[in-house]
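Protein chains in written order, with the working numbering: chain A, 1469 to 1846; chain B, 57 to 531; chain C, 2 to 525. Report on the following structure.
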Amino acid sequence: MIGLIVNPVAGIGGPAGLAGSDGADVQRRAAERGARSRAAERAERALAVVAAGRPDEHVVTAAGPMGEDAVRSAGLRPIVVWHPRDPSSSSDTTDAARALADVGVELVLFAGGDGTARDVAAGLPEAAVALGIPAGVKMYSPVFAVGPGAAGALAAAWLDERGLPTAEREVLDVDEEQLRRARVEPRLHGTLRVPYRAGRTQARKAATPSDEQAAVRTAARGAASRLRPGVRYLLGPGGTMAEVARELGVEKTPLGVDVVLDGRVVVAGASERELLDEVANGPAQAVVSIIGGQGFLLGRGNQQLSARVVEAIGDDPVMVVAPEQKLIDLGGRPLLVDTGDAAVDARLTGFASVVTGPTTTSIYPVHAPENEGAVHAT
Amino acid sequence: MTDPHVHPYIPNTAPEVRAEMLAAVGAASVDEFYADVPDGLRLGRALDLPEPFAAEQDLERHVSGLLARNVPTTERLSFLGQGTYQHAVPAVVDEVIGRSEFLTAYAGEPYEDHGRFQALFQYQSLMGELLSMDVVNVPTYDGFQATGTALAMAGRMTGRRRVLVASDVLPAKLSKVRDYVRVHLDLEPVVPVDGTADVAAVTERLGDDVAAVWVETPSRTGAIEHRLQALADAAHAAGAVLVVGTDPVGYGVLTPPAEQGADIVCGDIQSLGLHQWYGGAHAGFIAVHDDPRFVMEMPSRLFGLATTDVPGEVGFGDVAYDRTSFAHREEGKEWVGTAAALWGIAAGVHLALMGPQGMRDLGEVLLARTAYAQRALAAIPGIRLTDGAAHLREFAIDVAGAGLTANGIVDALRAEGIEPGVPAGEHELVVCVTEMTSQRDIDRLAAAITGLVAASAAESADTLDTVAIPEEHRA
Amino acid sequence: MSLPIAPKPAIRRFHQARWDEPVIFELSTPGERGVLVTPIEPGVRDAVGDVVADLPEGLARRTPPALPEMGQMRVLKHYLRLSQENLGADLNVDVGQGTCTMKYAPKVNERIITTPKLAAMHPLQDPADAQGALEIIWRTERMMAEISGMDEVSLHTQGGSAAIWANIAMIRAFHEANGEGEQRREVVTTIFSHPSNAAAAKAAGYDVITLHPDADGYPDLAALKRVLSSRTAAIMVTNPEDTGIYNPAIREWVDAAHGVGALASYDQANANGILGITRARDAGFDVCHFNVHKTFGTPHGSGGPGTGANAVSAALAPFLPGPRVVREGDRYSVREAGPLSIGAIGPFHGVVPNIVRAYAWIMALGADGLRAVAETAVLNNNYLMKRILEIPGASAPYATGRRRIEQVRYSWQELFEQTGVGSEEIGVRASDFGMHYWTSHHPYVVPQPFTLEPTESYSKAELDEYADVLAEIAREARETPEVVRTAPHNQTVHHTHHDDLDDPDRWAITWRAYRRKYPDAVGA
């Protein structure tokens, strides 16, 4: 059984030039500018793919614009299990997700953006499976299908094949206030299990999540094999760093920067101050991965690793660790640093040697957008 | 295109079509497509190649004319082996692998290339029966590569470096395997005794740093290893893997290594339905038990059975394909590429034709002819067998006692149209007999060598010249 | 209806053979024989007795192998039916296996090699009896030397990746001979070079550094210069890369490598478009290889045997694998590998039937013909690119707007975003029209990729047909996506379920494993 949640205000801020749609105030201003949510229309397009093969399918959903309307427009049969408050808010999304899970929905489709993903994740139990129909302004989280048709095709496959393999993906979101001020700081807000379709030809070299996990593990192993005794390693946040910690056999705070020395965590969830203190104690190196889809190494999501910290470390301040595919997924765009200090940024630009495995590295360009006067807030 | 050259292999060399296509893409000439090739790197002249034979009949006459200078084993009496063997090839095998559909296919999916998947799955399965093993790969390049890969697998699985080489191995094979694995593994020979492995010496040298014991059976000289289980027990007690390199041709009558403790069985399938092709028709197999620890270390493709939307339909696909993908590759792992699939299809057809009785009959005739030839040659005064082991197809004789050299025998008998074997040292000659070598053929060889021995006894032995033999064909 | 025959529809009405043939073990009838073995002569039997009974204890097989028992014609029929269920290059417009250079393998070459004068030759025969084989090997080596501009050539390897292995094995031996084996531990490659370069370098014990393209999609020279050092053993690159883009700065790449004492190794898997135009040696390379089964017209054999041609400069010649064929006057002989050689890379002289085929292929074309091959392959590619880019939803990422050499890596990303129908599904559907393409692309740089390489072998009409089929499937993806998603419909088998293939408890790699795991299955 599949379910649908539509965030009726998702994406409303985008066309109105408001860089996101969070907050009643933004939504009201957007509505005043004549904006209309694309989410319902995109959800309908996704469900149309399901309807093509299964015209009688039932879809568990929330009332009215939160799903029921889209289900009907697609020609499918809604089962309404949540009635949103009026006006609806982000807590309705969370509550609707919980209600869908409670009645045994196996795959929750949601139409919206990163904020919607965050709210859905908050309402679902750990093992639940969800998939985003891209309809928001911000979509940094890798929990969305590439388009409504693709989402619908996956949902149809889920029904045809009575389930699909799933993979754990990060839910990221940025503070839209900052986005509107041209700063992007995506933060991790948890994870969702997302379905994927294993190939049915031999050509399964297309990166499957099991490939992806293996690649992350290989990269992490590469990082672990390069760590030297007596050096303090400042492990940044993110999934790849969590895997490095697993390789080292230490606990890692998922969103913080942890200091590891000779296989032990010295400081967990360190502040900039604590990092400076640790760096002062002896040789150190920051170990970071790529945050979000924009390619930031420093300055987004790991601000504790500040310009001062980088400066204090001295030579070779940063080890970059990432599976090759993460570089490939940048589509030719450079890696980015933005520590807030032009001189430190300049030191870090050029090419980074990215650890992809125990005996493999990739060379990838690093830019400092602030130094170029450009802001990569795509 | 400066000089229009309409060729039957190249339809779009016809000038009208060419002009039409150039116009369609908006190019004035083909040169535009090479805009990225700097002038300094352009050849700027025609390649200096021989004048071609444009007409098919002239080409055929030219190449066939060159080949006509060969004098094949069908026109000589051949006792040559040492890696390539003269066996009977059923006509049906050649018919099947000559089919355009198999010959010219490459890497289609299990849909449009269903036949290829089924034929290779069946090859795996037929080999599996012969070897008593549940997992056999789509062929790799040759038995050398199969063995190198099998040992590399053992190294990865154990995390150890030492490999005990318990048998006498073909020098060329040893050369390839050593160079292939030397970053990760050290090969240590353990000198065999009387043709087969010295179990006590192997056991003595085993330790927790040994990745594998490598046994070759038949060995370089055709000796059959008869204490495989003892070697397996010793290897396993030390946590090492038993890798057995073999020729599958004998397993209609011989106990397969898997039933005597082998963990990985590997080798070459040239003996199973492939012509000699001047040494150009080899393919390697790697077989393991159905144990994911081993299977996941195999770099080759493995085809498996699958269901389809239609009940009763037999489908196929790649087993654990992610295993071969590049994301999983770490140091020391290998690659998948064009290897030797057509030869695998051939070997499958061959085994299907032979059936259990055919493979038994073949094994028996090989054992019988080998034993007969050993007796016939060992009966010649001054000639002795180099060991007392049971042999399949090949054996070595020591001719020193007859006042002869191996090269001397080869030179003398070649003059009579006989290739008596392959010299492996000054006095050692490795003789090969197959089902193609009749009793009369063997008798002829024995008589010819007897004649040489008699002549040598009568004259001084230094009338026999020696010529250089390539190092890799020597012991 | 009566004559005349109505015109054909625009798209071919294809259906693959569907014999519904069981797995061969199910065709067994106890007692039947497919072929008989020559009997043991009474004289032999009298002399040696019961050889099986006399085997050392435990060596005689107790239970016979459970091979099928079948009459000869039934075996033949089974395999001929399987062959009809296979789409060889001779039967389709095989432009969809980009990077594989699926060209015509001329039939006359099959007739030429089908002779005991080649098939019944043993590699250790008296060289005086093998003059024809040896001369053809020698001549083919010389022609490959001219085509690459290199000094010496080996034809020993059995495939492209095996040839790449030989390249890195020679590079390793070269540095070791110069006392720099310990120092030079790194190999540099590019993300668009064939991944076997990185895999072989890793297997040879090297650390591998991968470079990504610059902003224009070209190999990044600045990045190369950043990583080259006295630790670099070699650069190993493909050119043109698998995108069909030729690296215009290739000479600078090679010079930069030489500047730090590294060697430059050239994977010429994509040489089909540059034959007679530009050569490895002209760009300064030390070692290169051709995939003979691609560029020089030998058949792909359902996945081999192939042949690699490793060509090297004089400095690297001592490291070539052996044995070597040498000419003395008008006689040819075999010489053992020298002391610096990497030794045997495989048995004897390589895949000799392929060497003869390649020789015949080159001799049918000559210098003008080879250039015509290259120029036509490139013309065909750019023509097909134009046709493909006219299909809504298809694109050609990287170096957009530039001409390509012999192949293009396209993307269905736009179509996928609009319809949810992906490249893999389109590839499967293409088989319903008697066409195919593979979606096997590593690295997965281009989303929803398909790589087309039309070679010189297909006519304009055939390229049009191929493009028409893809356009038709793209239309279906929009209008009737179910038809694409549930394909194939006209194939030997239907949509196949691959979940069992990834589970060790469920996979069945041989029939015996299947019978063991599924004892109650019909036929098992």
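C-beta: ideal position from N, C-alpha, C; glycine also.
Using a Cβ-Cβ cut-off of 8 Å, state whether residue 385(B) counts as contacting chain C.
-> Note that residue 385(B) scores a pLDDT of 46, beneath 50, so its modelled location is shaky; the value from the coordinates is reported in the next line. At least one chain C Cβ lies under 8 Å of residue 385(B).
Is there contact here, the stretch 312-332 of chain B with the stretch 273-290 of chain B, by at least three beta-carbon pairs under 8 Å?
-> They touch, by the three-pair rule.
Min CB distance residue 1830(A) to chain C below 8 Å | For residue 1830(A), the answer is yes, since a Cβ of chain C falls inside 8 Å of its Cβ.
Give the single residue among 505(C), 498(C), 65(C) and 521(C) whose Cα lies nearest to the Cα of residue 1665(A).
-> 498(C)
Hey, would you say residue 1472(A) sits closer than 8 Å to residue 1515(A), going by beta carbons?
-> yes
6 Å CB neighbourhood of residue 1649(A) in its chain, flanking five on each side removed = Confidence is the limiting factor: at residue 1649(A) the pLDDT is only 47, short of 50, which leaves the residue's position unreliable, though a coordinate-based value still follows. None.
Thinking C-beta only, is residue 278(C) closer than 8 Å to residue 162(B)?
-> no
Residues within the stretch 1538-1568 of chain A neighbouring chain C, beta-carbon criterion of under 8 Å = none
Contact belief for residue 258(B) with residue 23(C) at Cβ below 8 Å, rounded distance in angstroms | The Cβ separation is near 45 Å, so there is no contact.
For the 8 Å Cβ check, are there 3 or more pairs between the stretch 412-431 of chain B and the stretch 85-97 of chain C?
-> no
Chain B contacts from the stretch 273-291 of chain C (Cβ-Cβ distance under 9 Å) | 274, 275, 276, 277, 278, 279, 280, 283 and 284
Taking Cβ positions only, does residue 1627(A) come closer than 8 Å to chain C?
-> no
Relative to chain C, which residues along the stretch 156-182 of chain B have a C-beta separation below 7 Å, given in chain order?
-> 156, 157, 158, 159, 160, 161, 162, 163, 164, 165, 166, 167, 168, 169, 170, 171, 172, 174, 175, 178, 180, 181 and 182
Relative to the alpha-carbon of residue 331(C), which residue among 144(C), 449(C) and 132(C) has its alpha-carbon at the smallest distance?
-> Ranking 144(C), 449(C) and 132(C) by Cα distance to residue 331(C) puts 132(C) first.
Does any C-beta atom of chain B lie closer than 8 Å to the C-beta of residue 61(C)?
-> yes
Among 514(C), 483(C), 490(C) and 516(C), which has the Cα closest to the Cα of residue 1617(A)?
-> Ranked by how close their Cα comes to the Cα of residue 1617(A), the residues 514(C), 483(C), 490(C) and 516(C) have 483(C) in first place.
Can you list the residues of chain C that residue 1680(A) reaches, using a CB-CB cut of under 8 Å?
-> Correct list: empty, because the minimum Cβ distance to chain C is about 10 Å.
Mind reading off the beta-carbon distance from residue 344(C) to residue 232(B)? Whole number of angstroms is fine, and I expect it under 8 Å.
-> Going by Cβ atoms, the distance from residue 344(C) to residue 232(B) rounds to 6 Å, so yes, they are a contact pair.
Closest residue to residue 468(C) among 480(C), 454(C) and 481(C) (Cα-Cα distance) | 454(C)
List the residues of chain B that residue 197(C) touches, going by C-beta distances under 9 Å, in chain order.
-> In chain order, 391, 392 and 393 make up the part of chain B whose C-beta sits under 9 Å from the C-beta of residue 197(C).
First and last residue of the alpha helix (DSSP H) that includes residue 414(C)?
-> Residue 414(C) -> alpha helix (DSSP H) spans 414-420.
Residue 424(C) and residue 393(C) look like a contact to me (Cβ under 8 Å); what is the Cβ gap, rounded to whole Å?
-> Wrong, their Cβ atoms sit about 15 Å apart, outside the cutoff.
Just curious, the alpha helix (DSSP H) that residue 507(B) is in, first and last residue?
-> 495-514
Establish whether the CB of residue 212(C) and some CB of chain A are separated by less than 8 Å.
-> yes
Within its chain, find whatever has a CB closer than 8 Å to the CB of residue 192(C); leave out the 5 residues flanking it on each side and keep chain order.
-> 211, 212, 213, 214, 444 and 446
Where residue 204(C) and residue 1639(A) are concerned, what is the direct C-alpha to C-alpha distance, given to the nearest angstrom?
-> 38 Å
Where residue 269(C) and residue 461(B) are concerned, what is the direct C-alpha to C-alpha distance, given to the nearest angstrom?
-> 47 Å
What are the residues that DSSP puts in a beta bridge with residue 117(B)?
-> DSSP output for residue 117(B) lists no bridge partner at all.
So, is residue 514(B) buried or exposed, given that buried needs 16 or more other C-beta atoms within 10 angstroms?
-> exposed
Flag this pair as yes or no: are the beta carbons of residue 143(B) and residue 492(B) separated by less than 8 Å?
-> Annotated as proximal: residue 143(B) and residue 492(B), with beta-carbon spacing under 8 Å.
Looking at chain C, which residues of the stretch 1775-1796 of chain A have a Cβ within less than 9 Å of any of its Cβ atoms?
-> 1792, 1793, 1795 and 1796
By how many angstroms is the C-alpha of residue 1690(A) removed from the C-alpha of residue 1548(A)?
-> 50 Å
Nearest residue (CA-CA) to residue 139(C), options 281(C), 328(C), 14(C) and 257(C) | 328(C)
What is the DSSP secondary structure of residue 77(C), counted as helix, strand or coil?
-> helix
Quick one: Cα of residue 512(B) to Cα of residue 128(B), how far?
-> Computed Cα separation, rounded: 29 Å.
Is the distance from the Cβ of residue 221(B) to the Cβ of residue 246(B) below 8 Å?
-> The answer is yes: Cβ separation under 8 Å.
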